[in-house]
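In short: position in the sequence shown from 1, add 1, done, that's the working numbering.
To start, the structure itself, in structure tokens.
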Amino acid sequence: MTNPRRLESYVCGRWTPGSGQGQTLRDAATGEPVAVIDSAGLDFAAVLAHGREAAGPKLRAMTFHERASMLKALGLALMAQKEEFYAESLHTGATRADGWVDIEGGIGTMLTYASKGRRELPNARILTDGEVEPLSRDTSFSAQHILTPLQGVAVHINAFNFPIWGMLEKIAPTLLAGMPCVVKPASQTAYLTELMVRRIVGTGILPEGALQLICGSVGDLLDHVTEQDAVTFTGSAATGRKLRTHPAVIANSVRFTMEADSLNAAILGPDAVAGTPEFDLFVREVAREMTVKAGQKCTAIRRVIVPRGQIDALVAALDERLAGTAVGLPGDEGTRMGALASLDQRDEVRARIRDLQAAAEIVAGDPDDVRLTSGDAGQGAFMNPVLLHAAKPFEAAAVHEVEAFGPVSTVMPYDDLDEAVVLAQMGRGSLVSSVFTDDPKVAEEVVLGVAPFHGRVLIGNRASAKSSTGHGSPLAPLVHGGPGRAGGGEEMGGIRGVKHYMQRTAVQGTPRLLSAVTGRWIEGAEAQQGVHPFRKSLAELQIGDQLVTATRTITREDVEHFAHFTGDTFYAHMDEASAKANPFFDDRVAHGYLIASFAAGLFVEPNPGPVLANYGVDNLRFLTPVYFGDTLQVRLTCKEINPRENAGHGEVRWDCRVTNQKDEVVAQYDVLTMVAKEWPLPEA
Ligand code: NDP
């Protein structure tokens, strides 16, 4: 008999064993003891205080780009050790393919956040949210929404099914926001999370206290959460409700994000009859969702909503496919589906199938008779896929309420698309649903009908058959969460997920002082003129450095030359009578792009210098028509500077305002450039 590993918690800078007897955790497939878990004796108030005091200030002192680089280094270090995680993952009952979702899916999510942090966030410590709101006519009083990291700790309480992804998808946006984390994995599979946290701590990449781990019960931890902390929870609705209504959570209005049971649906479109590519894709997707991770996926398809006339064909096709799913030891090459997380979990799934049988009959698989290609059904939590059929789905309350968290789905008929939509809605809020159709009208009707009840909707058809990421894969750039019984929470969604750990504040004041707060020049703030700002490297350039150019008068010849040169002979530039008939113009007007081009001609500094490239413009607006004889002038102001980590340059955003002789703004936009950190460029 193997000697089970005694798990430790990583708290207050030390690996700490529990002081009690502990609970033995068993291999899902063999029943062998793997680990002993226990958190008795931990001082949970001290854990929260350590995160807040030791790590919070260090994380907040870093910029988004520094935190993103930290996540990248960590992700790469973990990826290099992935085989160790795969080996440990087998104990959870997961096959290599299941492990890929958890391990490489989790590390990939962290790396996506690292990349998004560098590409989509400024190299700064606060975020601005939206545009400046001018609050006075003379620009002496304005407002800007900003986001700053919460100064507490994010407590992440996770489910047993994704011991790695569940941790990494939450800590990546949290750390990017600048907030320390305490992770509490579900006990059943905590040994895999513990192993990864050991490796994370071993890299020394995170500031001490940025990640703490509790293996075992969280004891009285929630009694100590404050208004600056956040709690996220993934697991059963019952536990979620209990934690959400914890007195300290309520008293301190602690941000609480919950992801609980979800009766995700897949709808077969009326056009997707047997013989179409969509029908075949649907069969493959339902079977895959039932069997990946042995159906222990929060996004798995639980309800299969099918045109009445296609039920028989679908059940036959699914039966054939599921019968061919080899169930056995997760490490065996031939195994397609491994074990459930534990024998208790299998008992739980069998009990839930009995609940479902009140409203549906089993049409494929037998929950009690296990057919294996390897392993021992008495020792391992094996189970074959079970398909049910609810002939009267509007009367079958259980199929819309009971989540059997295993390889279990229920097929049900609909007569018209409205019915299909209502059936999907009867899940009362789900993480994801999908519709398989090649008909644009079906796609529109289903998506509009089900979207308010879902965090994500996937449309499957022949054109995306190869590229689709599938119904069940939450992706870092996309929202993961759902309303109602799915918990009402939202995770990931790219940078949206980072903002969950930050406070949005409207700051009002005079532009000079607002600009000092945000590190961004805004209209009305002071500006300084002198050397042409394009002659300044990042070492010299400052927010508010400004150039007011010479003027240029637009002539009819300019406009006609531009029109013929570019081919843009739109009537408003060329035909006086038609231009005058246009409600927006009094006469022929200059091209907007001519104005932008002349503006560049006015502000550019032509000699080789620190400005390396112009990579675009943002928010370009032509605000006032420019007629022949109008005189243009440009005011270009350095608005935002983002030096890149580990590169010799950075991005500079310039406020560009083009005015006419009456001082009316004719065009307004941000010019985006790459500027060298030093000039002349250092020798390579
Ligand atoms: P639980 O709700 O029991 O556990 C989820 C997490 O909460 C675990 O980390 C658990 O720790 C922790 N927890 C439990 N009680 C408390 C408490 N009083 N205070 C603080 N933390 C607590 O769910 P399970 O993981 O056992 O799964 C049960 C069911 O939940 C599944 O069968 C399935 O139906 C559903 N589920 C849904 C998921 C989804 O995303 N939709 C994902 C996973 C499960 P510990 O393990 O130590 O008890």
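Positions of the beta carbon are idealized from the N, C-alpha and C atoms, including for glycine.
When the alpha-carbon of A238 is set against those of G568, V350, R486, P18, the nearest one is in R486. Check the Cα spacing between M384 and each of D356, R351, R636: the tightest is with R351. In this structure, G407 is the residue among G407, A211, S375 with its C-alpha nearest to the C-alpha of A301. Listed in chain order, the non-local C-beta contacts of T190 below 6 Å within the same chain comprise T93, F161, P164, local neighbours out to five positions each way being set aside. Taking a contact as a CB-CB distance under 8 Å, the pair Y594 and L673 does not count as one, their CB atoms being some 17 Å apart. Of the candidates I312, M291, R304, I312 places its Cα closest to the Cα of A275.
Judged by the Cβ position, E404 qualifies as a neighbour of ligand 1 at the 8 Å threshold, a heavy atom of the ligand being closer than this. Pairwise C-beta distances place the region 372–379 out of contact with the region 416–434, as fewer than three of them are shorter than 8 Å. Of G14, L91, F566, the smallest CA-CA separation from A382 is found for L91. Spanning the alpha carbons of E195 and I172 requires a straight line of approximately 14 Å.
In this structure, V156 lies near A231, with their beta-carbon atoms less than 9 Å apart. C-alpha of R61 to C-alpha of S70: approximately 14 Å in a straight line. If you compare the alpha carbons of G76, A648, A601, E641 with that of R658, the shortest gap goes to A601. DSSP places V667 in the uninterrupted beta strand (DSSP E) bounded by 666–677. At least one heavy atom of ligand 1 is found less than 8 Å from the C-beta of I158. Under the DSSP assignment, I460 falls in the beta strand (DSSP E) whose first and last residues are 455–461.
The C-alpha of G545 is placed about 12 Å away from the C-alpha of P512. Residue burial annotation: L136 is exposed, with fewer than 16 other C-beta atoms found within 10 angstroms of its C-beta. Here I38 has L8, G23, Q24, L26, S188, A191, C216, G217 as same chain residues with Cβ atoms under 7 Å from its own Cβ, once five neighbours each way along the sequence are excluded. The beta carbon of G241 sits closer than 8 Å to at least one heavy atom of ligand 1. For F234, the three-state secondary structure derived from DSSP is strand. The residues N159, P164, T194, in chain order, have a CB closer than 6 Å to that of P186 in the same chain once the five nearest residues on each side in sequence are set aside. The count of Cβ pairs closer than 8 Å, one atom from the region 48–59 and one from the region 197–217, reaches three, so the stretches are in contact.
Per DSSP, reduced to three states, the secondary structure at E105 is helical. T411 and V305 do touch by the CB rule: their CB atoms are close to 7 Å apart, below 8 Å.
At least one heavy atom of ligand 1 sits closer than 8 Å to the Cβ of P186. Here R289 carries a helix assignment [DSSP, helix/strand/coil]. Put simply, of Q145, L542, M180 the residue whose alpha carbon is nearest the alpha carbon of Q152 is M180. If one requires a minimum length of 3 residues, the beta strand (DSSP E) runs lying completely within the region 201–281 are 212–214, 231–235, 256–260, 266–269, in chain order. The beta carbons of A74 and I206 sit about 5 Å from each other, so the pair counts as a contact at 8 Å. Boundaries cannot be given for D369, as no beta strand (DSSP E) includes it and DSSP labels it neither H nor E. In the same chain as L479, and ignoring 5 residues on each side of it, the C-beta atoms closer than 7 Å to its own belong to R457, M493, G494, in chain order. Here E121 is exposed: its Cβ has fewer than 16 other Cβ atoms, across all protein chains shown, within 10 Å.
In the DSSP secondary-structure assignment, K185 is bridged to I158. Residue nearest to T277 within the set D440, F563, E402 is D440 (criterion: CA-CA distance). Of all alpha-carbon atoms in L43, I555, R497, G335, the one lying nearest the alpha-carbon of V590 is that of I555.
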